[in-house]
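Colleague: Let me give you the structure first, and then I'll get to my questions.
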Amino acid sequence: MGSKVSKPASKLAASAAAAGALAKVSRQKVQLPTAELKARNEALQHTGEQASSHPQVLRATKNDASTNDAFHPSKPIPEGKDGMDPQADQKFIDLITNLSRQIQSHDASNNASNSQQANMTALKLLINRKRLYAAGQNQAEAHTNSTSNKRTVVNPKTLSAIIDAVNDSHGSKEEVTKYYQLEEDFLDGLERFRVAHNVVMMKEHTKEDQIGPIKGRQPKQTEHDDEIPVADPENPRYTPCDVSDALVQFGIKNGGYLPNLTKRSALSQKLAVVGQAYTVLYAPLDDPRPEVKQSYIDEVPSSSFVVIALPEAQQLASAPYVTVNNALYGGLMLMRAKYRQAAGTVVFGRIRDIDEHRDLDFPVWLYGLGSTAPGPVVRVVGINVPVLVKVVGVDGENTGSTVINPGDFIVGDENGVVRLPVGHTSGPESQIDVNKVLTYISKRVEADSKVSEDIKLGRPAAEAQKYWRSKI
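Using our numbering, you'd call the opening residue of the sequence shown number 241 and step up by one each time.
Below, the structure written as structure tokens:
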């Protein structure tokens with residue numbers, strides 16, 4: 241009986257035998273797709289990779305053997321060539337090759353099941369690879385977007401120079417950003433604030449500024465630490481008591497204390513406040529001295545201590561200590577002083593708007609309160625001039641006076657206000673070497689700290705004080 245195998249089938253069998261797939265080739269019937277399935281496959285071909293996001297399409301084709309025919313002319317065969325993993329691409333090609341061999345070598349009963357399984361495995365592999373590729377792309381985009389949010393890490397000393405350059409307008413934002421190699425938006429989020437300094441303007445400071453990006457500018461008063469560092473305004477090292485103890489050792493019997501002043505600012509200010517005196521002298525309207533036309537409050541130097549006083553003729557040795565009942569200082573003046581970054585204010589007289597002083601949390605010491613502005617009775621006759629303050633003598637009988645010069649250090653806290661003289665040319669204060677006073681203060685504070693430790697351990701106070709203070 242002759243063979244009924246067609247010529248194309250004979251060629252396929254011969255090809256499979258030559259490849260070593262099977263020694264015996266069984267007959268195979270290929271079911272042609274229906275018109276409905278042809279239309280569905282054509283739609284799937286146009287959508288391409290959208291099949292990976294529609295698993296219901298795969299489920300619909302799984303139960304139909306005709307759609308799993310690798311040789312069907314309308315069914316696209318994914319190439320798997322996305323350039324991400326050559327080894328996975330080769331595995332995919334091998335799966336397709338084995339799939340075609342299985343279709344040729346199995347009988348009709350097993351052909352549908354095995355070919356479906358192999359086909360689905362290949363498609364799942366392709367889908368997974370595409371999903372991994374998409375996930376990798378998303379991660380890369382997220383990493384790229386996150387780089388715009390990274391923060392610049394700056395050394396504290398460099399940050400101080402940057403703040404100085406921005407606040408004092410030494411250069412434009414572009415210049416500062418380029419000079420310090422900052423992120424473009426770094427300066428936009430930089431809060432404006434200052435680095436506190438005690439300052440003394442000295443003529444020899446005429447060198448070029450090597451800190452900021454703009455060279456050749458002259459230094460400002462607020463840019464140099466003073467040569468007499470009594471304390472950092474925001475981190476005081478010494479209190480009025482420390483200064484008084486030292487001044488007593490150098491012959492100032494009252495320890496530089498300015499009596500009768502009361503602190504009337506917020507209770508949150510418990511640390512000492514220090515600054516150099518910026519003096520303002522008020523006098524009655526009939527005083528022969530000409531009135532100062534310039535606004536003293538608009539010229540308050542940063543970190544200075546505003547000191548306001550009256551002439552000796554308007555002062556009393558006992559309460560209320562002055563004959564002028566009008567207030568010399570008010571809320572608007574205080575607001576301006578704080579904006580100018582003054583350290584504090586001392587008024588040898590009255591002030592008003594006490595609630596505003598408390599709300600602004602600004603330190604102020606005074607003799608008393610009032611309600612009337614100064615204009616009707618007094619006017620400013622001197623700015624940055626020596627002012628005399630009348631005090632009771634140390635013997636309790638004679639009256640004396642203390643002269644506060646511009647530049648003297650003023651130190652104040654809850655205990656009161658003390659003046660540390662600088663550069664006086666007459667009286668006992670002219671013999672004071674400020675550097676020696678500061679050296680003594682430092683040693684005295686260290687000694688008293690050790691005395692405190694000994695007392696806590698049960699050592700007698702007199703013995704501890706004698707021992708440690710003898711080493712100063």
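Beta carbons: idealized from backbone N, C-alpha and C, even for Gly.
1) Provide the residue span of the beta strand (DSSP E) that contains Asp653, from first to last.
2) If we ignore side chains and look at the alpha-carbon of each, how far apart do Ile695 and Ala701 end up?
3) Which residues in the same chain as Val685 place their Cβ atom closer than 6 Å to its Cβ, once the five residues preceding and following it in sequence are excluded?
4) Let's test the definition: count the other Cβ atoms within 10 Å of the Cβ of Lys533 and tell me whether it reaches 16, buried, or not, exposed.
5) Excluding the 5 residues flanking Glu703 on each side, which residues of the same chain have their C-beta closer than 7 Å to its C-beta?
6) Leaving aside the five residues before and after Tyr536 along the sequence, list all residues of the same chain whose C-beta is less than 7 Å from its C-beta, in chain order.
7) Would you kindly report the start and end of the unbroken alpha helix (DSSP H) that includes Lys711?
8) Under the rule that 16 or more other beta-carbon atoms within 10 Å means buried, what is Trp708, buried or exposed?
9) Can you tell me whether DSSP reads Ala582 as helix, strand or coil?
10) Given a threshold of 16 other Cβ atoms within 10 Å of its Cβ, counted over all protein chains shown, does Leu525 qualify as buried or as exposed?
11) Quick check on DSSP: helix, strand or coil for Ala567?
12) When you compare only the Cα positions, how much space is there between Ser714 and Arg592?
13) With DSSP collapsed to three states, give me the class of Ser189.
14) Is it the case that the Cβ atoms of Pro646 and Tyr518 are separated by a distance below 8 Å?
15) Give me the Cα-Cα distance between Ser710 and Ile548, rounded to the nearest whole angstrom.
16) Hey, how far is the Cα of His597 from the Cα of Asn378?
17) With Lys630 and Glu552 assumed to form a contact (beta carbons below 8 Å), what rounded beta-carbon distance in angstroms separates them?
18) In whole angstroms, what is the alpha-carbon distance linking Asp653 and Leu606?
19) Using beta-carbon positions only, say whether Gly656 and Leu501 come within less than 8 Å of one another.
20) For Ala279, does the three-state DSSP call read helix, strand or coil?
21) Can you check which of these residues, Ala687, Phe588, Leu697, is closest to Gln705 by C-alpha distance?
22) Restricting to runs no shorter than 3 residues, where is the beta strand (DSSP E) found entirely within the stretch 591–645?
23) Taking the alpha helix (DSSP H) that Arg684 belongs to, which residues open and close that run?
24) If you follow the alpha helix (DSSP H) that Tyr419 is in, where does it begin and where does it stop?
25) Which residue marks the beginning of the beta strand (DSSP E) containing Phe490, and which one marks its end?
26) Could you check if Val625 is buried or exposed, using at least 16 other CB atoms within 10 Å of its CB as the buried criterion?
27) Have a look at Leu572 and Val691 and give me their C-alpha separation to the nearest angstrom.
28) Output yes or no for whether 8 Å exceeds the beta carbon distance between Val586 and Tyr478.
29) For the beta strand (DSSP E) that contains Phe545, what are its first and last residues?
30) Any idea which residues DSSP pairs Lys533 with across the strands?
31) Looking at Leu600 and Lys578, is the spacing between their C-beta atoms short of 8 Å?
32) Work out the CA separation of Tyr522 and Val564 for me, nearest whole Å.
33) DSSP puts Val657 in a beta bridge; with which residues?
34) Take Gly495 and list the residues in its own chain whose beta-carbon comes closer than 6 Å to its own, dropping the five residues that flank it on each side.
35) In the DSSP assignment, what residue or residues form a beta bridge with Gly515?
Modeller: Reading it off the structure:
1) Start and end: 649–653.
2) Their Cα atoms are separated by approximately 6 Å.
3) Here the set comprises Asp482.
4) Exposed, by the Cβ-count rule.
5) Cβ neighbours of Glu703 beyond the five flanking positions: none.
6) Once the five neighbours on either side are set aside, the close Cβ partners of Tyr536 are Val520, Val620, Ile623.
7) For Lys711, no alpha helix (DSSP H) run applies, since DSSP gives it neither H nor E.
8) So Trp708 ends up on the buried side.
9) In the structure shown, Ala582 sits in coil (DSSP, three-state: anything other than H, G, I, E or B).
10) It is exposed - the Cβ of Leu525 has fewer than 16 other Cβ atoms within 10 Å.
11) Three-state result, Ala567: strand.
12) Residue 714 lies beyond the range of the chain shown here (241 to 712); nothing can be said about it.
13) Since the displayed the chain opens at 241 and closes at 712, residue 189 lies outside it and no answer follows.
14) Yes, the Cβ-Cβ distance between Pro646 and Tyr518 is below 8 Å.
15) Answer to the nearest angstrom: the Cα atoms are 40 Å apart.
16) The straight-line gap from Cα to Cα measures roughly 57 Å.
17) The C-beta separation of Lys630 from Glu552 comes to about 6 Å, placing the pair in contact by the 8 Å criterion.
18) Rounded to the nearest angstrom, the two C-alpha atoms are 13 Å apart.
19) Yes, the pair counts as a contact, with Cβ atoms nearer than the cut-off.
20) Annotated three-state conformation of Ala279 is helix, per DSSP.
21) Minimum Cα-Cα distance from Gln705 among the listed residues Ala687, Phe588, Leu697 corresponds to Ala687.
22) As far as the stretch 591–645 is concerned, its whole beta strand (DSSP E) runs of at least 3 residues are 604–609, 618–623, 627–632, 639–644.
23) Its alpha helix (DSSP H) spans residues 674–696.
24) Unbroken alpha helix (DSSP H) run through Tyr419: 413–419.
25) Neither: Phe490 is in no beta strand (DSSP E) and is coded neither H nor E.
26) It counts as exposed.
27) Roughly 46 Å separates the two Cα atoms.
28) Contact flag unset, no.
29) Boundaries of the beta strand (DSSP E) harbouring Phe545: 544–549, taken from the DSSP string.
30) DSSP lists no beta-bridge partner residue for Lys533.
31) Their beta carbons are under 8 Å apart, which means Lys578 touches Leu600 by this criterion.
32) So the two alpha carbons sit approximately 10 Å from each other.
33) Residue pairing of Val657 in beta bridges, as defined by DSSP: Leu498, Gly652.
34) Within the same chain, Ser484, Leu487, Val488 come within 6 Å of Gly495 by CB-CB distance, once the 5 residues on both sides are set aside.
35) Per DSSP, Ile650.
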